[in-house]
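A.B. asks: Note that this note's numbering has the sequence shown beginning at 1226, numbered continuously upward.
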Amino acid sequence: MVKRLLKKTGTEKGGLLYSDGEVQYIICKANRDFEKSKGKKPCMFVREKMGDKTRYISGLFKTKIEYVYTGDILDEIGLKSLYKVVFIDGGNMMTIEPIKTMKGL
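(1) For residue 1244 and residue 1289, I'd like the C-alpha separation in whole angstroms.
(2) In terms of residue numbering, what span does the beta strand (DSSP E) encompassing residue 1282 cover?
(3) If you draw a straight line from the alpha carbon of residue 1187 to that of residue 1282, how long is it in whole angstroms?
(4) Can you name the start and end residues of the beta strand (DSSP E) that residue 1296 belongs to?
(5) Within a Cβ cutoff of 6 Å, which residues of the same chain sit near residue 1229, ignoring the five residues on either side of it in sequence?
Quick look at the structure:
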C-alpha cells in the first residue's frame, strides 16, 4: 500500500464512500460488541469496493490524536502491516498510508 489521498464521494452499503479514482473504500461504524476481543476494539472498519462487490480490509482503532485511526492488513504470507487513516477537511477527505510503528499515535 502506498500513501493515498481520497475524497468522500457519497454513501454506500451503510458507510461513507471514499475514492481517489483508482480505489474505493467504504468506511463503516463498527456495529457489534466484540465481547470476546482482547485489547482495543475497532470503532470503524474499512471495506474495499470492487465493482458490485466489497471486501473487508481492516478494523479502525482510535488513537490519542483526534481524527487519526490505525489498522492492520494481513499480507500474502500472513504478516500484519500497519497503516494510519487520517480524516481531514471535516471528513470530506482522508489519507491512508503505511506506518512502521504505532509510536506517537
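Ideal Cβ positions, reconstructed from N, Cα and C, are used throughout, including at glycine.
C.D. replies: Considering the structure as presented:
(1) 26 Å
(2) 1278–1287
(3) The structure shown does not extend to residue 1187, since the chain is modelled only from 1226 to 1330, so the question has no answer here.
(4) 1293–1299
(5) 1245, 1321
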